[in-house]
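Q: Structure in structure tokens, see below.
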DNA sequence: GGTAACATGTAAGATGTTACATGATTTT
DNA sequence: AAAATCATGTAACATCTTACATGTTACC
């Protein structure tokens, strides 16, 4: 069985929603997957094209008056199959963490203690902003369609973000105290 | 001020330890930074070379009998400065998460509930293995040199891993329950 | 005799980011 | 008049992974 990259799977998943153009996909990701998955136009457009050549999607060009043309993408049966097969596959990586704060902290004996403290303080503030974003995402999901069978799963991913971010904030506080 | 990539900063940091060759660096990272920073030989060797051409390190070739030649790298004053400047800089990204489990979960209405449960169960098991690794890393740090001024910071990074992983495990348990 | 540990490296390919390019309409 | 929104895309570059290539010694 052929394998595709993660970007492809993300696109296949999003196409099961009513999200059809590159532009819409980018927006949806920025609004609801952004906390655990990012994607740029430089990935979206070439990969959408590839979906079509691989037979995973079809495309229809729609002219709109007053607005630019839209290229609407639709999953094929094969595309849906590939998505479901991927879901059923075991995980490849658990987490692909690359944490810049921890990298800096690891070498922090080479800087004064107060500099390390402000590093952690800054990090804590960013994490608190993240918590605020989660609130905004939750509201967006609820406004969108809370009865949708998708919504339940989306809220689970949010809960993950909240719990782990909260744990990280607590770690920040504890570590700032220890450094004092 | 010129900027370098993260791999370069990681190498500069490691060269402040008594870790001098590409091989040793790889080992150290696999043993103690691995939970938040990974690196491959394909990054290490070319980047070490670049450190020298950029004037951040010098290299001495040592012949050993019975063993292959070692190329030992040493930080220059400029190298130490670049490291310290980077430590003092504000963070570029908070976290660069790309979480495959969450990506799958986000689209999990396209698979049966029991498949999603086993996805989470598998994830939970992997997280528990991670907790075990933290224990092993802690022992390694304590055996190495617990009095070292570095060790304190290393333990902080470990604590981060433990706290956030524990939170993730709790989330797994709660979410598996909810899906039932 | 085989494998693990020691040791250095390259080449190809996959993947991702950033900046640029275009252009209409709508809102401020 | 300027900026934001809608909409599509590319090219250059940065970065990372994987597989391959090479060779010795020590241990089982």
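Chains as they are written, first to last, in the UniProt record's numbering: chain H, 1 to 180; chain L, 1 to 180.
Ideal Cβ positions, reconstructed from N, Cα and C, are used throughout, including at glycine.
Contact criterion: CB-CB distance below 8 angstroms. Does residue 108 of chain L meet it with respect to chain H?
A: It does; some Cβ of chain H falls within 8 angstroms.
Q: Could you have a look at residue 38 of chain L and say whether DSSP puts it in helix, strand or coil?
A: Three-state result, residue 38 of chain L: coil.
Q: So what's residue 20 of chain L in DSSP terms, helix, strand or just coil?
A: coil
Q: Just the Cα atoms here: how many angstroms apart are residue 165 of chain L and residue 122 of chain L?
A: 14 angstroms
Q: Can you tell which of H:86, H:13 and H:118 has its C-alpha closest to the C-alpha of residue 88 of chain L?
A: Answer by Cα proximity: H:118.
Q: Given that residue 13 of chain H touches chain L, what residues does it touch there, using C-beta distances under 9 angstroms?
A: 103, 104, 106, 107 and 110
Q: How far does the beta strand (DSSP E) with residue 194 of chain H in it reach, from first residue to last?
A: Since the first residue of chain H shown is 1 and the last is 180, residue 194 of chain H is not available in this structure.
Q: What do you reckon, are the CB atoms on residue 63 of chain H and residue 54 of chain H nearer than 8 angstroms?
A: no
Q: Between which two residues does the alpha helix (DSSP H) carrying residue 152 of chain L extend?
A: First-last of the alpha helix (DSSP H) with residue 152 of chain L: 149-179.
Q: Quick one, which of H:50, H:140 and H:36 has its alpha-carbon nearest residue 79 of chain H's?
A: For the residues H:50, H:140 and H:36, the minimum Cα distance to residue 79 of chain H belongs to H:50.
Q: Between residue 113 of chain L and chain H, is there a C-beta pair that is closer than 8 angstroms?
A: no
Q: Cβ of residue 93 of chain H less than 8 angstroms from any chain L Cβ?
A: yes
Q: Distance, Cα to Cα, residue 112 of chain L vs residue 84 of chain H?
A: 10 angstroms
Q: Taking the beta carbon of residue 91 of chain H as the centre, do at least 16 other beta carbons fall within 10 Å, making it buried, or is it exposed?
A: Of the other Cβ atoms in all chains shown, fewer than 16 fall within 10 Å of the Cβ of residue 91 of chain H; this residue is therefore exposed.
Q: Does any residue of chain L have a CB that is nearer than 8 angstroms to the CB of residue 73 of chain H?
A: no
Q: For the region 80-161 of chain L, which segments carrying the alpha helix (DSSP H) assignment without a break, of at least 4 residues, lie completely within its bounds, in sequence order?
A: 100-106 and 113-144
Q: Any beta carbon from chain L within less than 8 angstroms of residue 5 of chain H's own beta carbon?
A: no
Q: Less than 8 angstroms between the CB atoms is what I'm expecting for residue 72 of chain L and residue 21 of chain L, so what's the real figure, rounded?
A: 6 angstroms
Q: When you compare the CB of residue 18 of chain H with every CB in chain L, is at least one pair closer than 8 angstroms?
A: No - not a single Cβ of chain L is within 8 angstroms of the one on residue 18 of chain H.
Q: May I ask you to verify whether the region 143-153 of chain H touches the region 96-108 of chain L, counting CB pairs closer than 8 angstroms and requiring at least 3?
A: Between the region 143-153 of chain H and the region 96-108 of chain L, the count of Cβ pairs shorter than 8 angstroms is three or higher; the stretches touch.
Q: Name the chain H residues that come within less than 8 angstroms of residue 154 of chain L, Cβ to Cβ?
A: Simply 106.
Q: Please compile the residues from chain H whose C-beta is within a distance smaller than 8 angstroms of the C-beta of residue 185 of chain L.
A: In the structure as shown, chain L begins at 1 and stops at 180. Residue 185 of chain L is therefore absent and cannot be evaluated.
Q: Starting from residue 58 of chain L, follow its DSSP beta bridges and name the residues at the other end.
A: L:74
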